[in-house]
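Q: I'd like to ask some things about the structure below.
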Amino acid sequence: MPPLPTPCPPGLVPDATDVDAFNAAYRRAKQHQGFVAVEEQGRRWTVKADTLTAGPDRTIVDSTYDAIRAAVIRLIRSRQIRADSSAGPVYFVQYDVESERRARAGAAGWQPARPSP
């Protein structure tokens, strides 16, 4: 399974709804340095990403982390996602996203980037 491109098109974000799909996505992440996935939770969706699989040559720059954190806080305050959603620094999760389309769009922006040469 090839690595996800950066930036990642929303349609390529893996659906990790069941245990086997989650484990496959996580295995790929460990091989290719970067976990991001969406999960269906009833009629709502969850977005998950972590930096533990990213490795030393991939980072989330401060400005990107700040933007993700600010977006998660805005979404929590506007009650678009659950209050127990998290914006890092190691694990990112948004619970109760209203649609698969929105979940995939959010997840597509969470890929750790390779540094510029």
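Numbering-wise (the working numbering), the sequence shown opens with residue 5 and increments by one. Ideal placement from N, C-alpha and C gives every residue a C-beta, glycine not left out.
Give the list of continuous beta strand (DSSP E) stretches no shorter than 3 residues that lie fully inside the region 5–85.
A: 39–45 and 48–54
Q: Take the Cβ of residue 110 as the centre, count every other Cβ of all protein chains shown within 10 Å, and call the residue buried at 16 or more, exposed below.
A: By 1-based counting over the sequence shown, the position of residue 110 is 106. By the neighbour-count rule (16 or more Cβ atoms within 10 Å), residue 110 is buried.
Q: Ordered along the chain, which non-local residues of its own chain (more than five positions away) have a Cβ less than 7 angstroms from that of residue 13?
A: As a first step, residue 13 must be located in the sequence shown, where it is residue number 9. Contacts found: 112.
Q: Can you confirm whether the region 41–57 touches the region 99–109 when touching is taken to mean that 3 or more C-beta pairs between the two stretches lie within less than 8 angstroms?
A: yes
Q: Start and end of the beta strand (DSSP E) containing residue 88?
A: For this step, residue 88 is matched to residue 84 along the sequence shown. Per DSSP, residue 88 belongs to no beta strand (DSSP E) and is neither H nor E.
Q: Starting from the Cα of residue 53, find the closest Cα among 65, 67 and 38 and give me that residue.
A: As a first step, residue 53 is located in the sequence shown; it is residue number 49 there, counting from the start. Among 65, 67 and 38, the Cα nearest to that of residue 53 belongs to 38.
Q: What residue range is occupied by the uninterrupted beta strand (DSSP E) comprising residue 101?
A: Counting from 1 along the sequence shown, the entry for residue 101 is found at position 97. First-last of the beta strand (DSSP E) with residue 101: 95–101.
Q: What residue from 24, 58 and 107 has the CA that sits closest to residue 85's CA?
A: Here residue 85 corresponds to residue number 81 of the sequence shown, with the count starting at 1. The residue with the shortest Cα to Cα distance from residue 85 is 107.
Q: Taking the alpha carbon of residue 124 as the reference point, which residue from 43, 74, 58 and 22 has its own alpha carbon closest?
A: Residue 124 is absent from the model: the chain starts at 5 and stops at 121.
Q: If you drop the 5 nearest sequence neighbours on each side, which residues of the same chain put their C-beta closer than 6 angstroms to that of residue 72?
A: Position 68 of the sequence shown, counted from the first residue, corresponds to residue 72. Close CB contacts of residue 72 within its chain, under the 6 angstroms cut and outside five residues either way in sequence, are with 91 (chain order).
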